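Heads up: the structure comes next, in structure tokens.
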Amino acid sequence: MIDISGKTIVCGIIGDPVEHTVSPAMHNAAFAYAGLDYVYVPFQVKKEGLAEAIHGMGALNIRGLNVTIPHKVGVIPLLSELDFLAEYIGAVNTIVNHGGILKGYNTDGIGFIRSLLEEGVNPKDKNVVVVGAGGASRAITFTLVDKGASITILNRRSGMEKAVRLADEINNAFRRDVQALEFEDENLAKIMGKADILVNATSVGMIPNPEETPVESRWFRPGLLVYDIVYNPVETRLLREARQAGATTIDGLGMLVWQGAMAFEYWTGQKAPFGIMRDAASKALTIKNE
Ligand code: ATR
């Protein structure tokens, strides 16, 4: 149990839903290990309550927040400042309260790349198919293109306008010809044969809907790497079917821990205890799923 005093510094996460987050377990373990008088708590914030929540962060002197589904893009106009990376990605997953100045950062994209490199995969010159066009996808696609990958964005029909806008923004920023395609067999047939990496950047397959999958298994083959940003369950249906088809897989735990480690460093000014955070996140996931 954490000792909370009158001096304890508060951090947390805002999202909807937040019941399944393991970020509190991960950050509180890191604070305890580092001997910091900090605590990390979950806040369920509905879309219509976002502005009040952000004003409340300033008023309550909350030191830092993580931002998750569905607020990563909507939070931007409510902040005082943006770090250059968050501005260029157009999504925020970490807020730091610098004496009343609320500054937005994005640690998702770097977290994603670090987790890939950790698995021995360099995205340079790879053909990557990214499913989804929300805040997580924005961070991943911008960072992948910056690291020299060629990407194609896939999205469902209702989100095509958003996907096309994202592709246009990337093309303008990097002078590329990134395409946004609708999720259809005809398009998958065109792109999956030459894909090196498939990334699920949606929440499809996450608990409470683990029976869902964003891409059918007939598109998988040995030689393809399938990366799922969903970490709960750790092995999603997408990853299980990819593994069964002989593809290589990477789960969402690495990205979760890397993005969290960088948020920890922004809030505390100290180096994050990465191993402690990974163990705490894994343990929390195991307990939740028992
Ligand atoms: P985040 O900020 O965490 O990325 P988000 O902005 O809500 O979350 O984006 C989630 C992405 O997953 C979106 O691309 C969304 O599709 P739309 O752009 O059409 O909204 C996609 N997504 C969510 N649920 C989905 C589902 N059941 N099937 C397919 N795509 C889905």
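Throughout the sequence shown, residue numbering follows our numbering, covering 21 to 310 in sequence. For each residue, glycine too, the CB sits at the ideal point set by N, CA and C. Predicted model only: the values in this text are computed from it and were never measured.
*Do you know whose CA, among SER178, PRO62, VAL224, TRP239, lies nearest GLU206's CA?*
TRP239
*So who's on the other strand from GLY63, going by DSSP bridges?*
This sequence places Phe at residue 63; Gly is not what is there. ILE34.
*asked:* Applying the 10 Å Cβ sphere with the 16-neighbour rule, what's the burial state of LEU80?
replied: exposed
*Whole-angstrom distance between GLN64 and ILE24, CA atom to CA atom*: 21 angstroms
*Would the beta-carbon of ARG158 fall within 9 angstroms of that of TRP278?*
no
_Three-way DSSP call (helix, strand, coil) for LEU80 in this model_ = coil
*Just to confirm, does ARG241 get its C-beta within under 8 angstroms of one of the non-hydrogen atoms of the ligand ATR?*
No, since every heavy atom of the ligand ATR falls outside the 8 angstroms radius drawn around the Cβ of ARG241.
*asked:* Quick check on the DSSP output: the alpha helix (DSSP H) that includes ALA281 runs from which residue to which?
replied: 273-288
*asked:* Following a CB-centred definition, is ARG185 positioned closer than 8 angstroms to any heavy atom of the ligand ATR?
replied: no
*At a cut-off of 8 angstroms, is ALA111 close to the ligand ATR when judged by its beta-carbon and the heavy atoms of the ligand?*
yes
*HIS47 versus HIS118: straight-line alpha-carbon distance, rounded*: 19 angstroms
*To which residues does DSSP link THR268 through a beta bridge?*
LEU245
*Does DSSP classify TYR125 as helix, strand or coil?*
strand
_Beta-carbon spacing of ALA221, THR161 below 9 angstroms_ = yes
*Please name the residue or residues paired with SER170 in a DSSP beta bridge.*
ASN147
_Rounded C-alpha distance that separates ASN252 from SER223_ = 10 angstroms
*Would a C-beta distance cut-off of 9 angstroms place THR269 and ASP248 closer than the cut-off?*
yes
*Cα-Cα separation between ILE74 and GLY94, rounded to whole angstroms*: 11 angstroms
*Which residue comes first and which comes last in the beta strand (DSSP E) that contains ILE217?*
217-220
*Taking 9 angstroms as the CB-CB cut-off, is ASN117 touching chain C?*
The structure shown has no chain C; it contains just one protein chain.
_Quick check: what's the CA-CA separation for GLY84 versus GLU72?_
16 angstroms
_Between which residues of its own chain and LYS27 is the CB-CB distance below 7 angstroms, once the five residues before and five after are set aside?_
ASP57
*Is it buried or exposed for THR114, if we count other Cβ within 10 angstroms and need 16 for buried?*
buried
*When burial is assigned at 16 or more other CB atoms within 10 Å of the CB, is PRO44 buried or exposed?*
buried
*asked:* I'd like to confirm the pairing. Which residues does DSSP put opposite HIS118 in its beta bridges?
replied: BP columns for HIS118 point to ILE121.
*Using the C-alpha atoms, what's the distance from ILE307 back to VAL112?*
Distance between the alpha carbons of VAL112 and ILE307: 29 angstroms.
*Taking VAL148 as the reference, which of ARG176, VAL254, ALA200, LYS66 has the closest Cα?*
ALA200
_Beta-bridge pairing of ILE29 - partner residues as DSSP gives them_ = DSSP lists TYR58 as partners of ILE29.
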